[in-house]
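Colleague: Under my numbering, think of the first position of the sequence shown as 146, with each following residue one higher.
Even for Gly, the Cβ is constructed at its ideal location relative to N, Cα and C.
Remember, predicted model here, so these are calculated numbers, not experimental data.
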Amino acid sequence: MHAPPPAVLAAELRARLDDNAVPGRAAGEKNYLRSDLHHIGVPLPAMRGVVRSFTKQSGRGLGHAELIDLVTDLWAQPVHEHRSTALLLLDAYAPLLRPDDTTLLEDLLRTCATWAHTDLLAPFVAGRLLLRHPQETTPAVRRWTADEAQWVRRGGILCFIPALRGEDTFTRWFPLFTATVDPLLHDDRFFVRKAIGWALREGTKHHPAAVTGWLTPRLSRASSLTVCEALKRLPDDARAPLLAAHAAAHPRRGRRLASTRRPEASP
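Okay, structure coming up:
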């Protein structure tokens, strides 16, 4: 079974999104995300539902070339929901992606204008590609983390999440991750600091001692946000001494660690 041409599929998906728009939602979401994109007001669960329905119907015969063309078509217009759907399609068809698709993924990261898109693309699409093709994909991911562009850097960091989350994959990937992010602890941007903490937090699920062992001698360099995010899953008796040590290393900050200001609500 062959899927219809990508242009036809893109038009079909846009029509389905229009059908799922919630009156009055677009303006609030645009303001919340501080977005420069056009919004039509479709909630993320509804977008996921549109993609699930699509993969069971029109998208059954989708191949690699058709997927890339479809994603490119949806991404071309500066519409939040169209671009979100493009990323959800990459997630749904992630097994089709190849190492040379890191070029496309980097282009998408560079044109992301919000954490909402970076956080769909990096861990769930690029991160899975990194696990499947580590040798070919690692150089691109490390290059992204070193990039000065905020969303590219955040994306590179978040690519490590699937590897750090896995009980069996953590041991292999944690040394590379920490070597990659150690020079970034000085970055003062909220979204970068939070990304580092989020990735570390995923590692504490199965390997809390390794994460705290790496973080402890760096408490004087790590931000409050990074530390709080990294330690969220730890029990109080393990978390409290590290928070106290971090506070002692930053006596002039005068801010409560657990109430760092949040301009967004990503994990």
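1. Please report the distance separating the alpha-carbon of L178 from that of T217.
2. Do you know how far the Cα of D164 is from the Cα of S368?
3. Going by the DSSP bridge assignment, what does V224 pair with across the sheet?
4. Mind reading off the beta-carbon distance from A148 to E211? Whole number of angstroms is fine, and I expect it under 8 Å.
5. Considering only their Cβ atoms, is the gap separating L232 from L265 smaller than 8 Å?
6. For L275, name the three-state secondary structure that DSSP assigns.
7. Sorted by chain position, which residues of the same chain lie with C-beta nearer than 6 Å to E312's C-beta, five sequence neighbours on each side aside?
8. DSSP three-state label for T349, please.
9. To which residues of the same chain is A239 closer than 8 Å at the C-beta, ignoring the five residues directly before and after it?
10. Alpha helix (DSSP H) containing K377: first to last residue?
11. Distance, Cα to Cα, T247 vs R338?
Modeller: In this structure, then:
1. Stepping through the sequence shown from its first residue, residue 178 is reached at position 33. Stepping through the sequence shown from its first residue, residue 217 is reached at position 72. Cα to Cα, the separation comes out at about 23 Å.
2. Residue numbering aside, residue 368 sits at position 223 when the sequence shown is read from its first letter. Residue numbering aside, residue 164 sits at position 19 when the sequence shown is read from its first letter. Cα to Cα, S368 sits roughly 44 Å from D164.
3. Counted from its first residue, the sequence shown places residue 224 at position 79. In DSSP, V224 forms a bridge with H183.
4. As a position in the sequence shown, residue 148 is number 3, starting the count at 1. As a position in the sequence shown, residue 211 is number 66, starting the count at 1. E211 and A148 do touch by the CB rule: their CB atoms are close to 6 Å apart, below 8 Å.
5. Sequence index remark: in the sequence shown, residue 265 carries index 120 (1-based). Sequence index remark: in the sequence shown, residue 232 carries index 87 (1-based). Yes, they are a contact pair.
6. Taking the first residue of the sequence shown as 1, we reach residue 275 at position 130. Three-state DSSP puts L275 in a helix.
7. One-based indexing of the sequence shown puts residue 312 at position 167. Once the five neighbours on either side are set aside, the close Cβ partners of E312 are H351.
8. Residue mapping note: residue 349 aligns to position 204 of the sequence shown, counting from 1. T349: coil per DSSP, three-state reduction.
9. In the sequence shown, residue 239 corresponds to position 94, counting from 1. If we look at A239 and ignore the five residues flanking it on each side, its Cβ neighbours are F269, V270, R273, L274.
10. Here residue 377 refers to the residue found at position 232 of the sequence shown. No alpha helix (DSSP H) holds K377; DSSP gives it neither H nor E.
11. As a working note, residue 247 is residue 102 in the sequence shown. As a working note, residue 338 is residue 193 in the sequence shown. Rounded to the nearest angstrom, the two C-alpha atoms are 24 Å apart.
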